[in-house]
Every structure is written in C-alpha cells, then in structure tokens.
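Participant: Each residue of the sequence shown is one higher than the one before, counting from 116 in the numbering used here.
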Amino acid sequence: MLKVGIIGVGTVGTSVAQILKDNADVISARTGVAIEVKMGIVRDLEKVRDLDIPLSDNVDDVLDDEEIDVVVELMGGVEEAFEVVKKALLKGKAVVTANKALLAYHRYELQELAKDIAFEYEASVAGGIPIINALRDGLSANHIESIMGIMNGTCNYMLTKMTNEGVAYNDILKEAQRLGYAESDPTFDVGGYDAAHKLLILASIAYGIDAKPEDILIEGIQNITQEDIAFAKEFGYAIKLLGIAKKDGNDVELRVHAALIRKEKMIAKIDGVMNGISVVGDKVGETLYYGPGAGGDATASAVIANIIDIARAGKKAPMLGFDKPLEGLLRLKATDDINSKYYLRINVSDRAGVLAKITKVFEIHNISVETMLQRPSSESSANLLISTHIALEKDIQDMIKELRTLDFIKSAPVMIRIV
116 MLKVGIIGVG TVGTSVAQIL KDNADVISAR TGVAIEVKMG IVRDLEKVRD
166 LDIPLSDNVD DVLDDEEIDV VVELMGGVEE AFEVVKKALL KGKAVVTANK
216 ALLAYHRYEL QELAKDIAFE YEASVAGGIP IINALRDGLS ANHIESIMGI
266 MNGTCNYMLT KMTNEGVAYN DILKEAQRLG YAESDPTFDV GGYDAAHKLL
316 ILASIAYGID AKPEDILIEG IQNITQEDIA FAKEFGYAIK LLGIAKKDGN
366 DVELRVHAAL IRKEKMIAKI DGVMNGISVV GDKVGETLYY GPGAGGDATA
416 SAVIANIIDI ARAGKKAPML GFDKPLEGLL RLKATDDINS KYYLRINVSD
466 RAGVLAKITK VFEIHNISVE TMLQRPSSES SANLLISTHI ALEKDIQDMI
516 KELRTLDFIK SAPVMIRIV
C-alpha cells in the first residue's frame, strides 16, 4: 500500500483524490500496489466538499505522518510551498508537485535537497501533456536544439477568438474571465509570466540553465489589436504567445512573447485552450506534443502518472534529469543579442514627409524593411504596418525609443517578433 497526502485540495487536488478512487483497479494493476489518499490539507474546513477522504487544515498532519509515503503539493505560491516541500524532503518523503512558480524559482535547490528521493513535477508544465518525461527520458539521447511552445491556454483561447471571430482584446478578456479561463487579475496569464515559469522548467531539463523569470525576456498579448491580426492574415501568419528556448553555440535564448508564425507550421494550427510544444533534437528531429494544458482532470492525470512512477520503482534519477553539466558551460544569451524578424505598428500623423522620416530612422538603426502597409486609423492619422528583415533586438529597441520622441508619432509603437 502506497499512502499519499495531498496538500491543497482544490480543483486539481479533488480530481487527484477522485481519480485514485474511481480508477483504483486499473491503477493498482499497473503499479502492483494499492494507492490510498490518507489525508488532504485544506485552508477552510468549513467549505463543503464532495470528497470522501480525511481532511485537516494543519499541514504538519501530513508532513509528520510516518505512514504517508508521497506528499502531493498543490497549494500554489512560492515561498510557503518551498518550505513545505523542503520539510517533506528532509523527512524522506517523495514529492509530486504541479507548482510551476515554485520550480521557476527553486528547482535547483529542490534537486539538491531531493538527491535520491523521488521528486516529480510532470503537471507543472502543459497540464496533461507528458512533456517533462518526454524531455527528461524519451529524448535523453539528444542534444536539444530548440523548444517552442504554446504554454498558456488562456492566451491561446483569446488569440484564437480574436483571429477567427474578430473580437476585440478587451471583449475577449472579459469572456475568458467569465468562463474561468482568466483570473479577475489576468496579468499572470496575459502578461506572459505563466508561460515563462513553464519555459524555465523545460530549459533546465534541456540545457541546465539556471535562470529566474527576472533574467529573461517576458512580454504578453495586451497590445495586440485587430490591425495586427489583419496584417498577420494578409501575409500568411498566425499570432501566438510562444515560449522559446533555442541553443546557439554556447548561448541559450529564453524568451516569452507574442509572435507571428507561419500558418503552415503545426504550432500555428493549435487553437482554443489547447497547448502544444515542439521540441527539436539533433537525432530525432522535430517532435510535437499536444493536449489540454489545464483543467482539474487533465492536470490530475499527470500528477497521478507521477505517483504511479514512484509506486512502480521509487525513481532515483536526478530531478532535472542530469547530475553534471549537460554540454559544458552553456550561458543565457543576453536579450539585446537576440536576432529576429520584426513587425511594427506605428500610428502617425497623416501628413506629407512622415514616411520619409520614418524610413530614415529605420536606416539609422540598421533596420531593413521587408513589407509596409498603410491603413487609415482616423481622419488625421494612419497606421504603418511594417515587417523587417532579420535585425538585432538592441537595434529595434533603440529605434522604437527614438520613434517615441518624434512629434508625428501619435502613440507608442507596437512591436511583435516574427518567428
């Protein structure tokens, strides 16, 4: 009998307990042992729950119980969760977590604490998609050349609706909040931070890069309008919020931002709340992982898969999949050194000479224009929709700063990278 304690019996925790009960026969057949939830920890014992397990509001009732073999951490947050998980590991208990924020900040400390104690976290990235085990185990013979993924279902749902139905950003945000896809404060999702936490976890497994969210480029989808969607359609692109990790020599790019991506790419075809992640290995080539990135049952499925792994073998492999540097001294590439194509939307006064002045600013900053469209936005202003050839991030940012100072620029230019 493997006994489990769940810390945080919310949507996912409830699903974990229910699935372990409903599918007990098939789970025990696959593991060779029965798995029982001995205790669940909640913040409010008065809340009515349709769940038949013992509950407590004292986390030590799980941590100090010598019969509990596996602690499932689903409480969320960073520092409090870190202290709880740390205590569980110091007591020799295996840990399963779905907490991406915890891992974004403390994954290397947790690996050092865990040593040969099983620590699993499949559900922390892309919900029910088994991307952690794919990277850590299935692709372990490969040098990983790149990872590119849609890792936030909220943003993907919003961008899909904006593209397919012409809905304005503010309107679709309200709908996403009403449907429960976005929180009342949606910044964590629409600002790109949720996807960034997930990207950092994947990059650690692929490259051994110890970066924090503050170290990498993170942008969201808040500034995207129907003008940008129309440009993307006209030139054969879709707009997606992407997490990108890419190795270039000894440098590794890590960035999260909205991107224009060619419609024929598989990633561009992933719509709605679904997630999809492309991984390119030097031997296997491109592999694509697709599925639900959130939801109680989908995330619980990944949590229980980790519990089953522990029940089968008490996995002893290092938490991040390696115990020495993977490829020598890989380093995080500076944001200024990223190369990309770019799209810009520049709202300008509609008067003679403006286009020539814009072109001169591009030339000064070594930016070469690939395409340009002009669309009226009012009686006295127009939107210039411009795509560039490959340019340096620093040059683009410097150019945007200069554009903002010009008297004929009506509002801050919007930039989207082209992948």
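Just so you know, even glycine gets a beta-carbon here, dropped at the ideal spot from N, CA and C.
State buried or exposed for D184, treating a residue as buried only when at least 16 other CB atoms are found within 10 Å of its CB.
Facilitator: The sequence position of residue 184 within the sequence shown is 69, counting from 1. Burial call: buried.
Participant: Any idea what DSSP makes of P328, helix, strand or coil?
Facilitator: Taking the sequence shown and counting its residues from 1, one reaches residue 328 at position 213. In this structure, P328 counts as helix in the three-state DSSP scheme.
Participant: Short check: CB of A241 to CB of K313, under 8 Å?
Facilitator: Translated into the one-based positions of the sequence shown, residue 241 becomes position 126. Translated into the one-based positions of the sequence shown, residue 313 becomes position 198. Yes.
Participant: Specify whether the segment 520-534 and the segment 459-473 touch according to this definition: at least 3 beta carbon pairs, one from each stretch, less than 8 Å apart.
Facilitator: Yes, the segment 520-534 touches the segment 459-473.
Participant: Of all the options G307, L317, L445, A310, which has the alpha carbon lying nearest to the alpha carbon of I262?
Facilitator: If you number the sequence shown from 1, residue 262 lands on position 147. If we check each option's Cα against that of I262, L317 comes out closest.
Participant: Under the rule that 16 or more other beta-carbon atoms within 10 Å means buried, what is A467, buried or exposed?
Facilitator: Within the sequence shown, the letter at position 352 stands for residue 467. Exposed.
Participant: From G191 to L160, what distance separates their C-alpha atoms?
Facilitator: Here residue 191 refers to the residue found at position 76 when the sequence shown is read from its first residue. Here residue 160 refers to the residue found at position 45 when the sequence shown is read from its first residue. In a straight line, the C-alpha of G191 is about 18 Å away from that of L160.
Participant: Using the Cβ count rule (16 or more neighbours within 10 Å means buried), how would you classify T129?
Facilitator: Mapped onto the sequence shown, residue 129 falls at position 14. With 16 or more other Cβ atoms within 10 Å, it is buried.
Participant: Mind reading off the beta-carbon distance from F346 to L499? Whole number of angstroms is fine, and I expect it under 8 Å.
Facilitator: Indexing the sequence shown from 1 puts residue 346 at position 231. Indexing the sequence shown from 1 puts residue 499 at position 384. Contact doesn't hold; Cβ gap of about 11 Å is too wide.
Participant: Give every residue of the same chain whose Cβ lies closer than 6 Å to the Cβ of I320, excluding the five residues on either side of it in the sequence, and list them in chain order.
Facilitator: Working through the sequence shown from its first residue, we reach residue 320 at position 205. Result list for I320: L250, R251, L435, G436, in chain order.
Participant: Can you grab the Cα-Cα spacing for the pair D137 / A417, in whole Å?
Facilitator: Within the sequence shown, numbered from 1, the residue matching residue 137 stands at position 22. Within the sequence shown, numbered from 1, the residue matching residue 417 stands at position 302. Using only the alpha carbons, I get a separation of about 16 Å.
Participant: Quick check for students: name the residue ranges of the alpha helix (DSSP H) that lie wholly in the segment 281-347, counting only runs of 4 or more.
Facilitator: The qualifying runs are 284-294, 302-305, 308-322.
Participant: Could you give the DSSP three-state label for S416: helix, strand or coil?
Facilitator: Along the sequence shown, one-based indexing puts residue 416 at 301. Reduced to three states, the DSSP call for S416 is helix.
Participant: If you draw a straight line from the C-alpha of E368 to the C-alpha of E181, how long is it?
Facilitator: For this step, residue 368 is matched to residue 253 along the sequence shown. For this step, residue 181 is matched to residue 66 along the sequence shown. Their Cα atoms are separated by approximately 44 Å.
Participant: If you reduce the DSSP assignment to three classes, tell me which class G400 lands in.
Facilitator: For this step, residue 400 is matched to residue 285 along the sequence shown. Here G400 sits in strand by DSSP.
Participant: Could you tell me which of L288, S393, D179 sits nearest to L204, measuring between CA atoms?
Facilitator: The sequence position of residue 204 within the sequence shown is 89, counting from 1. The residue with the shortest Cα to Cα distance from L204 is D179.
Participant: Enumerate in chain order the residues of its own chain whose CB-to-CB distance from L117 is below 6 Å, with the five nearest sequence positions on each side excluded.
Facilitator: Here residue 117 refers to the residue found at position 2 of the sequence shown. Taken in chain order, the residues that qualify are V148, I150, D184, A426.
Participant: Mind reading off the beta-carbon distance from L315 to A219? Whole number of angstroms is fine, and I expect it under 8 Å.
Facilitator: Here residue 315 is taken as the residue at index 200 of the sequence shown, counted from 1. Here residue 219 is taken as the residue at index 104 of the sequence shown, counted from 1. With a Cβ gap of about 5 Å, L315 and A219 count as contacting.
Participant: Where DSSP assigns a beta bridge to Y405, which residues make up the other side?
Facilitator: On the sequence shown, residue 405 is found 290 positions in, with the first residue counted as 1. Y405 pairs with G391.
Participant: Give the DSSP-derived three-state secondary structure of Y220 in the structure shown.
Facilitator: Locating residue 220 in the sequence shown gives position 105, counting from the first residue. In the structure shown, Y220 sits in a helix (DSSP, three-state: H, G or I).
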